[in-house]
Amino acid sequence: MNLEPDRSVADFHSLIPDRVLDYAEAALGRRCSSICRPLNSYINRVFELQTDNGEGVIAKFYRPGRWTHEALLDEHEFLLELAEREIPVVPPLTLQNGQTIGQAGGIMFALFPKRLGRACDEFQDEEWEQFGRLVARMHRVGEMHPPRNRITIAPWASTRDHLQTILQSGLVPQAFRNEYESAAQAMIAAVTPLFQGAEMFRIHGDLHRGNIVYRPGESFFLIDFDDMAVGPAVQDFWMLLPDYARGSLLEIDLFIEGYETFRTFDRRTLRMIEGLRGMRYLHFTAWLVAQARDGNVARIATGWGTPDYWRAETRYLREQLQEIAATENPMGW
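Residues 19 to 351, numbered by the working numbering, are exactly what the sequence shown covers, in order.
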């Protein structure tokens with residue numbers, strides 16, 4: 019994770035509608051209307067546009083320093099492979115340069131067709147099975163080949179990098195540093211054995227309810243593959259569970275029943291769910307560190323960086339360590 023300031027970051031934050039429209043028109047090879055609506059995004063700059071024939075387009079300008087060109091190609095390649103197999107995703111448009119990535123100064127961007135839909139509510143039983151089938155189909159494509167430049171979601175890889183980012187930031191008060199690091203290292207040590215032998219391949223990586231769009235009469239659409247990664251299958255559904263793993267046995271069974279319509283699910287990896295939750299804590303804190311360096315954290319996390327914040331984060335890690343131990347083998351996993 020690059021925390022150093024960059025001139026292109028200033029250009030990124032100063033993007034104005036006229037410039038966005040100019041870049042989009044040049045990339046599309048056609049005129050756009052004057053519509054340029056900014057959409058919510060913590061990391062990227064995202065705008066809703068409309069071409070002169072009324073087609074909706076989403077322009078996504080990627081934050082400089084967040085992804086390499088190769089990493090974005092991995093995302094786009096995965097999306098195109100999924101779309102080719104009629105899996106409901108929104109692939110990027112091919113631009114006038116013959117590629118899916120455009121350049122706006124030092125800022126990379128992509129254009130996507132707009133797809134209408136609504137946010138997902140809590141799943142009913144049938145929808146858990148439907149979602150399981152969809153994720154399995156995605157994973158069958160994901161296991162076809164590895165990406166070139168994407169992180170691996172594993173305690174010895176992504177999570178150690180996240181902890182290093184946090185500790186090297188200088189943002190953890192000295193009074194809490196040792197206690198926080200000790201809790202994080204204990205959690206990493208507890209999770210590591212759970213990953214041994216787990217199958218790892220291309221996954222969505224950030225599949226929570228906000229990244230699923232429901233289109234009535236059709237299917238769920240999976241969106242926002244920015245954080246696609248190499249990881250275990252279980253990563254792509256645990257964030258939708260209504261409770262800790264021990265309190266979500268019905269939902270887990272329904273998901274697996276649907277999943278195994280298309281792909282075998284290794285039930286032993288269910289023991290990883292609470293470990294992945296603990297890893298997510300460190301992932302989010304490392305992300306907040308990056309936002310703090312960029313001046314954005316105040317609008318995201320109230321009380322960020324205060325003694326109470328670090329005290330609470332340390333407590334969460336310790337409590338999650340207990341949950342990991344309690345979930346080692348429920349229901350014979």
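No residue lacks a Cβ here, since even glycine has one placed at the ideal position from N, Cα and C.
Worksheet entry | Exposure label - Trp-14; buried when at least 16 CB within 10 Å | The question about residue 14 has no answer, for the chain in this structure spans 19 to 351.
Worksheet item: Does the Cβ of Asp-261 lie closer than 7 Å to at least one heavy atom of the ligand NAP?
Response: For the structure depicted, the ligand NAP is absent and the ligand set is empty, with no information on it obtainable.
Item to complete: Please report the Cβ distance between His-157 and Phe-219, rounded to the nearest whole angstrom; I am assuming they are in contact, meaning their Cβ atoms lie under 8 Å.
Response: Here residue 157 corresponds to residue number 139 of the sequence shown, with the count starting at 1. Here residue 219 corresponds to residue number 201 of the sequence shown, with the count starting at 1. Contact flag correct, Cβ pair sits at about 7 Å.
Worksheet item: What are the boundary residues of the beta strand (DSSP E) that includes Glu-66?
Response: Position 48 of the sequence shown, counted from the first residue, corresponds to residue 66. From DSSP, the beta strand (DSSP E) with Glu-66 extends over 63-69.
Worksheet item: For Thr-345, is the classification buried or exposed, using 16 other Cβ atoms within 10 angstroms of its Cβ as the cut-off for buried?
Response: In the sequence shown, counting from the first residue as 1, residue 345 sits at position 327. Under this definition Thr-345 is a buried residue.
Discussion item. Report the CB separation of Arg-233 from Gly-293 in whole angstroms; it is logged as a contact under 8 Å.
Written reply: Residue numbering aside, residue 233 sits at position 215 when the sequence shown is read from its first letter. Residue numbering aside, residue 293 sits at position 275 when the sequence shown is read from its first letter. Contact doesn't hold; Cβ gap of about 34 Å is too wide.
Discussion item. Leu-185 and Ala-310 - do their beta-carbons sit closer together than 8 Å?
Written reply: Counting from 1 along the sequence shown, the entry for residue 310 is found at position 292. Counting from 1 along the sequence shown, the entry for residue 185 is found at position 167. Not a contact, by the Cβ cut-off of 8 Å.
Worksheet entry | Straight-line Cα distance separating Asp-245 from Arg-166 | Numbered from 1 along the sequence shown, position 148 holds the residue referred to as residue 166. Numbered from 1 along the sequence shown, position 227 holds the residue referred to as residue 245. Roughly 14 Å between the two C-alpha positions.
Discussion item. Quick test of the definition: if touching needs 3 or more C-beta pairs under 8 Å, does the segment 266-284 touch the segment 198-207?
Written reply: no
Worksheet entry | Val-190 (DSSP reduced to helix, strand or coil) | Locating residue 190 in the sequence shown gives position 172, counting from the first residue. Coil at Val-190, not helix or strand.
Worksheet entry | Whether Thr-170 touches Ser-176 by CB criterion (8 Å) | Position 152 of the sequence shown, counted from the start, is the residue given in the question as residue 170. Position 158 of the sequence shown, counted from the start, is the residue given in the question as residue 176. The answer is yes: Cβ separation under 8 Å.
Worksheet item: Are the beta-carbon atoms of Leu-111 and Leu-129 separated by less than 8 Å?
Response: For this step, residue 111 is matched to residue 93 along the sequence shown. For this step, residue 129 is matched to residue 111 along the sequence shown. Cβ atoms of Leu-111 and Leu-129: closer than 8 Å.
Worksheet item: For Glu-144, is the classification buried or exposed, using 16 other Cβ atoms within 10 angstroms of its Cβ as the cut-off for buried?
Response: For the purposes of this step, residue 144 is taken as the residue at position 126 of the sequence shown. With fewer than 16 Cβ atoms within 10 Å of its Cβ, Glu-144 is classed as exposed.
Item to complete: Taking 8 Å as the cut-off, decide whether the C-beta atoms of Val-107 and Leu-240 are in contact.
Response: What you label residue 107 is simply residue 89 of the sequence shown in a count that begins at 1. What you label residue 240 is simply residue 222 of the sequence shown in a count that begins at 1. Yes, Cβ-Cβ distance for Val-107 and Leu-240 is below 8 Å.
Discussion item. For Pro-250 and Thr-287, which I take to be in contact (beta-carbon distance under 8 Å), what is that distance rounded to the nearest angstrom?
Written reply: The residue given as residue 250 occupies position 232 in the sequence shown. The residue given as residue 287 occupies position 269 in the sequence shown. Contact holds; Cβ gap of about 5 Å.
Practice prompt. Check each candidate in Gly-323, Arg-37, Ala-216, Cys-50 and name the one with the smallest Cα separation from Phe-79.
Written response: Locating residue 79 in the sequence shown gives position 61, counting from the first residue. That would be Arg-37, whose Cα lies nearest to the Cα of Phe-79.
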